[in-house]
Every structure is written in C-alpha cells, then in structure tokens.
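Participant: With our numbering applied, the sequence shown covers 4 to 511.
Every residue, glycine too, gets a C-beta built ideally from N, C-alpha and C.
Predicted model only: the values in this text are computed from it and were never measured.
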Amino acid sequence: MTRQPFFYDITLRDGNQSLKKPWNLKEKEFIFNKLVEFGVQAIEAGFPAASEMDFEAVKRLAEISPDNLVVSGLARAVEKDITAAVEALKGCNIPRLHTFIAMSPFNMKYVLNKSPQEVRQTAIEAVSFAKERMKTLGKNAQVQFSVEHFGDCSENLDFVIDTLKEVVNSGATIINLPNTVERTRIKTFVDMVEKVCNALPKDITIAVHCHNDLGMATAATVESYFAGATQLECSLNGLGERAGNTNIYEVAIALHNSGVDVPLNLSDIYELSLLVSDMSKIAIPEKAPLIGPEALAHRSGIHQDGALKTKDMEKGAYRPIHPTLIGRKDDEKIGFTSQSGKTAVYEIISDAGYPITVQEAVRITPIVKEAAEKVGELPARNIIDIYFNEVFNVKGDFRLVAFEKLSETVFNLKFFHKKEFFDMNAQGNGPIDACLSALKEAGFEQKLVDYEQYALDSEIFGSGAEAMTVIHFENINGETVVARGKDKNTLNANVKAIFNGINLMSGK
Ligand code: KIV
Ligand code: ZN
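1) By the 10 Å Cβ neighbour count, where 16 or more other Cβ atoms means buried, how is I479 classified, buried or exposed?
2) Pair every Cβ in the segment 323–331 with every Cβ in the segment 371–383, then say whether three or more of these pairs are closer than 8 Å.
3) Is H212 near the ligand KIV, judged by its Cβ being under 7 Å from some heavy atom?
4) Helix, strand or coil, according to DSSP, for Q120 in the structure here?
5) The ligand ZN and P181: does the residue's C-beta get closer than 7 Å to at least one heavy atom of that ligand?
6) Would the C-beta of E151 count as close to the ligand KIV, meaning under 7 Å from any of its heavy atoms?
7) What is the DSSP secondary structure of A223, counted as helix, strand or coil?
8) Taking one C-beta from the segment 281–291 and one from the segment 346–366 each time, how about it: are there three or more such pairs within less than 8 Å?
9) Quick one: grab the DSSP three-state call for H475.
10) For the alpha helix (DSSP H) that contains T187, what are its first and last residues?
11) Quick one: using the 10 Å Cβ neighbour count with 16 as the cut-off for buried, is V171 buried or exposed?
12) Can you find the residues in the same chain that come closer than 8 Å, C-beta to C-beta, to Q342, ignoring five residues on each side of it along the sequence?
13) Check each candidate in G446, A500, E226 and name the one with the smallest Cα separation from M471.
14) Looking at E236: is its Cβ nearer than 8 Å to the Cβ of N182?
15) Please give the ranges of any beta strand (DSSP E) in the segment 84–119, keeping only runs that are unbroken, at least 3 residues long and fully inside the region.
16) Along the chain, which unbroken stretches of the alpha helix (DSSP H) at least 4 residues long are found entirely within the segment 123–182?
17) Just curious, the alpha helix (DSSP H) that M508 is in, first and last residue?
18) The alpha helix (DSSP H) with L258 in it runs from where to where?
19) With a threshold of 8 Å, are at least 3 pairs of Cβ atoms found where one atom belongs to the segment 129–138 and the other to the segment 67–84?
20) Classify S68 as helix, strand or coil using the three-state DSSP reduction.
21) Consider the C-beta atom of E244 and the heavy atoms of the ligand ZN; say whether any pair is separated by less than 7 Å.
22) Use the C-beta contact count for S440: other C-beta atoms within 10 angstroms, 16 or more gives buried, fewer gives exposed.
23) If you measure from the CB of D155, is any heavy atom of the ligand ZN nearer than 7 Å?
24) Assuming A48 and S75 form a contact by the criterion Cβ under 8 Å, report the distance between their Cβ atoms to the nearest whole angstrom.
25) Expressed to the nearest angstrom, what Euclidean distance is found between the alpha-carbon atoms of F41 and L275?
26) State the CB to CB distance for the pair F58 and A87, rounded to an integer number of angstroms; the pair is presumed to be in contact (CB under 8 Å).
27) Can you tell me whether F103 sits near the ligand KIV, meaning its C-beta is under 7 Å from at least one heavy atom of the ligand?
28) Would you check if the distance between the CB atom of L38 and the CB atom of A60 is smaller than 8 Å?
29) Output the distance between the C-alpha atoms of E423 and H475, rounded to the nearest integer angstrom.
30) Output the boundary residues of the alpha helix (DSSP H) element that contains I272.
31) Out of F395, K345, A300, which has the shortest C-alpha to C-alpha gap to H325?
32) Check whether the Cβ atoms of G357 and I337 sit closer than 8 Å, and answer yes or no.
33) Is DSSP giving N480 helix, strand or coil here?
34) Near E253, what residues of its chain come up, given a Cβ to Cβ distance below 6 Å and the 5 sequence neighbours on each side ignored?
35) Which of the three DSSP states is assigned to K452 in this structure?
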C-alpha cells in the first residue's frame with residue numbers, strides 16, 4: 004500500500020466547539036504547536052464566522068503555521084461565512100476554505116427547509132464564490148466541500164454524486180464525506196464512500212469525517228481509507244460533538260499495524276493524550292483503547308502468563324502494540340486479583356526489586372490469592388508484605404531460640420522442635436557447618452546443596468545494612484528447596500535461613 008494517509012486534524016474546530024469551556028487563543032496555539040510536532044498534515048483551526056474569538060484564533064494560527072501545513076477555516080455555504088474565513092486565512096502558506104451543506108433527505112426537508120435542487124444550487128454557488136475569493140490568497144489556496152450528513156444519504160446517493168461532480172467543476176478539490184451522526188452499519192457507509200471515490204476524478208482528494216455515536220468511528224475511518232479515502236479527519240482524544248469524532252491515535256495505530264506508512268510521530272501519542280485530557284478537563288476512561296490507564300493491564304492468570312512471556316517482544320500475546328510505540332513507559336501493568344496466578348506474584352515482587360524464585364512465588368500464591376479474595380485487587384505493598392512474612396519468617400515444626408559463637412569453631416544452638424527444647428554445642432567450619440552439625444546431632448540431618456550470602460540494598464529493603472543468606476537444601480524427594488534468612492548480623496542471617504528451610508521441608 005503506497006498511498007499515504009493525510010491526517011486532517013479537527014481538534015481545534017469540532018473538538019473545541021464541543022467543550023464545556025472552549026479554549027482561548029493561548030490554549031489553541033499551544034495545541035496547534037503540539038499538532039505540528041505530532042506531524043498532522045492539516046489543521047482545521049476554527050469557524051471564523053462563529054465568533055470574534057474564533058476569527059482571531061484562525062487568523063493567528065494561519066500566521067504562525069509552518070509552510071508545509073494546510074490550515075483550514077470552516078464556513079457554512081453562505082457568503083458572509085466564506086468572506087470571514089478567507090479573511091482569517093490570509094497569513095497562511097497553504098490556506099483552505101472548508102464549506103459545507105447537508106444533503107440527506109431528512110435534513111434538507113426538516114432542517115434546511117430546501118428542495119434538493121435548491122441545496123445543489125447553494126453548494127455550487129458557495130464553492131464558486133469560495134474559489135474566487137481564495138484566489139486572492141495565492142496559488143496554494145484550496146477549497147474543500149463537505150456533504151454534511153453524507154452517512155444518511157443512502158437513498159439519494161445518485162443525487163449527491165451528481166451534485167459533487169458539479170461542485171468539483173466549480174473548484175473544490177477536496178470532497179469530504181462525513182458520517183455526521185453514526186446511526187447504522189459501517190459497511191453501508193464505507194460502500195457509499197467507495198462509490199463516490201469511483202465516481203469522481205482521480206485527482207480529487209476524498210475525505211471522511213466520522214462521528215462516534217455508536218463507537219465505530221475508528222473502524223469507519225480505517226475501512227474508508229482502504230476503500231479509497233485519503234484524507235482522514237480525526238481529533239486528539241476523539242474530542243468532538245456528542246460522543247466525539249474519530250480518535251486519531253486509534254486510526255494511526257490501526258493503519259500502522261496494517262502495514263500503512265503513517266506519517267505521524269507515534270511516540271508522542273501517550274503524552275499528548277494526557278495533555279489534552281488535562282486541557283479539555285475530560286478524563287481518559289480507564290478502558291480507553293491504547294491510552295486508558297487500564298489499556299495494558301492484565302489480571303487473569305492466563306493473560307498474565309502470556310503477557311510476561313512476550314513482554315520484551317514487539318508483538319505481545321495480549322496487547323495490540325508494544326507500549327513504547329506510543330511513548331508509554333508504564334509497560335504492561337500486572338494487577339493481582341483472585342483471578343491472577345504465580346506469574347503475577349513473581350513479576351510484582353521482582354519488579355519491586357526483591358529477590359524471589361519461581362518456587363517461592365508458587366508457594367506464596369495461594370496466600371496472596373486468599374488475601375485478594377477479600378479485598379479485590381491487592382496493592383503491591385500487601386503482596387510484598389506477604390512475601391516477607393512467608394519467605395523470611397517460615398512457620399513450622401522448628402523454632403530458633405538463639406545461636407551464639409562460643410569460640411572460633413564452637414557454636415551454641417538453642418531451638419524447639421514442636422514442644423521439645425534442644426540446647427546443643429557443636430563444632431564446625433563456620434556457623435552454617437556448626438548449625439547443621441548441631442541439628443544432625445539432635446536427629447535432624449539436612450542435605451546442604453549450596454548457599455550464598457548477599458548484602459541487602461538498604462534502599463529497597465529500607466532497614467539499614469542487612470545481610471541475606473540463601474540456602475539450597477535437597478529434600479527427601481531429591482528436590483531443591485530454597486530458603487532465605489536476613490539479619491543485621493551475618494551469623495543470624497545464616498541460621499535463620501537454615502531454620503526457614505527446615506520448616507519449609509517439615510511441610511508446615
Ligand atoms: O460532522 C460534520 O458533518 C461536520 C461538518 C461541518 C464537516 O463537522
Ligand atoms: Zn463533525
């Protein structure tokens with residue numbers, strides 16, 4: 004697919020007119036500059052005849068626009084509006100006058116109170132007038148014509164097409180086909196778009212402008228592109244009248260994922276969406292595609308497993324994009340509920356910087372699940388608390404009372420096994436060796452496979468300098484059991500790790 008989509012942004016017109024508090028000039032200018040950075044090829048800057056403020060905004064944005072950007076002003080098909088828009092667009096290198104009239108049978112009859120012939124005549128006269136006036140703005144000046152309510156024109160499509168041919172002959176080079184109110188199937192709309200594309204000369208740019216009344220504006224826009232429409236009218240965060248316009252991020256990503264060359268800086272998307280949400284005072288819904296706080300969260304065990312196995316791959320098991328494509332740094336969020344599993348426990352604890360083995364995650368998962376059943380999603384802090392409790396303080400048949408160094412090679416160990424108290428002196432080549440000798444003498448021989456000692460990162464563990472010992476035992480089934488102990492004193496860390504290990508193996 005070589006045809007590049009042309010992104011015509013309508014945030015500052017359709018989006019702005021729908022806000023409870025429309026943006027002032029300074030705010031519009033700020034968004035305008037962000038849109039330029041984002042890479043849209045055209046910006047509809049406002050409706051100059053609507054108010055003095057809109058006129059001033061279009062004038063200012065036209066003046067500051069880069070040379071390669073189309074800046075457009077909206078005008079009804081009346082001379083007064085067209086004159087105001089032409090005046091406002093004067094300072095721009097590629098000015099575009101955008102005029103429109105409704106052509107659906109319903110709107111012509113009940114809203115415009117005009118016959119189809121009168122509407123056709125109005126459209127032709129408006130475009131001819133606009134063309135003449137725009138000539139005064141230089142060779143790059145353009146005229147765009149929109150069939151308002153095109154989506155409702157299935158019964159009179161032949162009339163619309165015939166009118167558009169005349170509109171093109173009168174000087175419009177861009178024909179926009181809005182789904183002004185999304186009422187029915189996308190396929191019907193896209194088939195109509197395709198018919199217009201086939202009926203008009205190839206050098207005419209066909210545009211679509213889809214509202215999102217039924218939540219299908221993205222699909223309508225994307226499929227219209229594949230049916231022949233090149234100009235895609237979209238807005239940031241989907242701002243626009245009622246349920247909004249087509250969301251530019253969704254269209255951009257859907258096309259990108261379909262192998263289309265999308266000329267936008269996709270990595271700007273996430274930050275831009277937060278900014279627009281802030282400035283429009285319209286929160287991003289939790290489940291909003293791509294940009295919603297929950298859009299990349301996984302809670303079921305199966306999804307978490309797939310997500311984590313494909314975390315660093317460009318294509319993920321349960322996500323449409325890699326988060327970095329749109330500049331998201333929060334990665335795939337793993338939330339723990341009663342539906343989640345060991346993979347989530349493992350990930351949450353290791354992500355927080357704590358050492359955990361898969362074996363430990365498996366062991367503590369039922370306890371974490373039980374806690375989640377009571378409260379719903381469990382904060383990471385609570386999961387970490389459970390990890391500390393269960394991993395560094397394993398309850399079982401054995402209870403350490405004291406361990407002391409009596410000389411270089413002799414140590415004293417006091418402990419309970421169930422209710423029985425033991426007080427043993429033992430020799431050893433270091434504390435671990437001596438402690439295991441004492442246990443052996445008391446009848447509790449253990450098979451040590453390996454051990455390691457670490458200095459704990461006090462920033463993570465938050466308790467000043469501490470030592471951690473990791474002991475690997477082999478149990479009676481020949482399986483390796485990993486146990487940990489931590490303490491300010493290395494000697495105690497060693498013995499605590501041994502007692503955590505023997506308690507684990509005692510099966511409690
Ligand atoms: O939704 C619509 O039909 C419009 C036109 C003015 C293009 O916004
Ligand atoms: Zn609109």
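Facilitator: So, to answer that:
1) Here residue 479 corresponds to residue number 476 of the sequence shown, with the count starting at 1. Per the 10 Å Cβ criterion, exposed.
2) no
3) In the sequence shown, residue 212 corresponds to position 209, counting from 1. Flag set: Cβ of H212 near the ligand KIV.
4) For this step, residue 120 is matched to residue 117 along the sequence shown. Helix, per DSSP.
5) Taking the sequence shown and counting its residues from 1, one reaches residue 181 at position 178. P181: yes, Cβ under 7 Å from the ligand ZN.
6) Taking the sequence shown and counting its residues from 1, one reaches residue 151 at position 148. For the ligand KIV, at least one heavy atom lies less than 7 Å from the Cβ of E151.
7) Locating residue 223 in the sequence shown gives position 220, where the first residue counts as 1. DSSP places A223 in helix when its eight states are reduced to three.
8) no
9) Translated into the one-based positions of the sequence shown, residue 475 becomes position 472. Three-state result, H475: strand.
10) Walking along the sequence shown from the start, residue 187 turns up at place 184. From DSSP, T187 is part of no alpha helix (DSSP H); its letter is neither H nor E.
11) Taking the sequence shown and counting its residues from 1, the one referred to as residue 171 is at position 168. Buried, because 16 or more other Cβ atoms sit within 10 Å of the Cβ of V171.
12) By one-based count along the sequence shown, residue 342 stands at place 339. Counting only Cβ-Cβ distances below 8 Å, and skipping sequence neighbours, we find R302, S303, G304.
13) Locating residue 471 in the sequence shown gives position 468, where the first residue counts as 1. Comparing Cα-Cα distances from M471 to each of G446, A500, E226, the minimum goes to A500.
14) As a position in the sequence shown, residue 236 is number 233, starting the count at 1. As a position in the sequence shown, residue 182 is number 179, starting the count at 1. No, the pair does not count as a contact, with Cβ atoms beyond the cut-off.
15) 97–105
16) 160–172
17) Along the sequence shown, read from residue 1 onward, the residue named residue 508 stands at position 505. That run of the alpha helix (DSSP H) goes 493–508.
18) Along the sequence shown, one-based indexing puts residue 258 at 255. Where L258 is concerned, the enclosing alpha helix (DSSP H) stretches over 251–260.
19) yes
20) By 1-based counting over the sequence shown, the position of residue 68 is 65. Reduced to three states, the DSSP call for S68 is coil.
21) The count along the sequence shown starts at 1 and reaches residue 244 at position 241. Under cutoff, so the answer is yes.
22) As a position in the sequence shown, residue 440 is number 437, starting the count at 1. So S440 ends up on the buried side.
23) Taking the sequence shown and counting its residues from 1, the one referred to as residue 155 is at position 152. No.
24) Walking along the sequence shown from the start, residue 48 turns up at place 45. Walking along the sequence shown from the start, residue 75 turns up at place 72. 7 Å between Cβ atoms; contact.
25) In the sequence shown, the residue the question calls residue 41 occupies position 38. In the sequence shown, the residue the question calls residue 275 occupies position 272. Near 9 Å, if we compare the C-alpha coordinates of L275 and F41.
26) As a first step, residue 58 is located in the sequence shown; it is residue number 55 there, counting from the start. As a first step, residue 87 is located in the sequence shown; it is residue number 84 there, counting from the start. Rounded, the Cβ-Cβ distance is 6 Å, consistent with contact.
27) Counted from its first residue, the sequence shown places residue 103 at position 100. Yes, the beta carbon of F103 sits closer than 7 Å to at least one heavy atom of the ligand KIV.
28) Along the sequence shown, one-based indexing puts residue 38 at 35. Along the sequence shown, one-based indexing puts residue 60 at 57. Contact: no.
29) Counting from one through the sequence shown, the residue named residue 423 turns up at place 420. Counting from one through the sequence shown, the residue named residue 475 turns up at place 472. Rounded to the nearest angstrom, the two C-alpha atoms are 26 Å apart.
30) As a position in the sequence shown, residue 272 is number 269, starting the count at 1. Its alpha helix (DSSP H) spans residues 272–283.
31) Here residue 325 corresponds to residue number 322 of the sequence shown, with the count starting at 1. Of the listed residues, the one whose Cα sits closest to H325 is A300.
32) In the sequence shown, the residue the question calls residue 357 occupies position 354. In the sequence shown, the residue the question calls residue 337 occupies position 334. Looking at the sequence provided, one finds Tyr at residue 357 rather than Gly. No. Outside cutoff.
33) On the sequence shown, position 477 is the one that residue 480 refers to. Coil at N480, not helix or strand.
34) In the sequence shown, residue 253 corresponds to position 250, counting from 1. Counting only Cβ-Cβ distances below 6 Å, and skipping sequence neighbours, we find T221, P292.
35) Numbered from 1 along the sequence shown, position 449 holds the residue referred to as residue 452. A quick correction: the sequence has Val, not Lys, at residue 452. If DSSP states are grouped into helix, strand and coil, V452 belongs with the strands.
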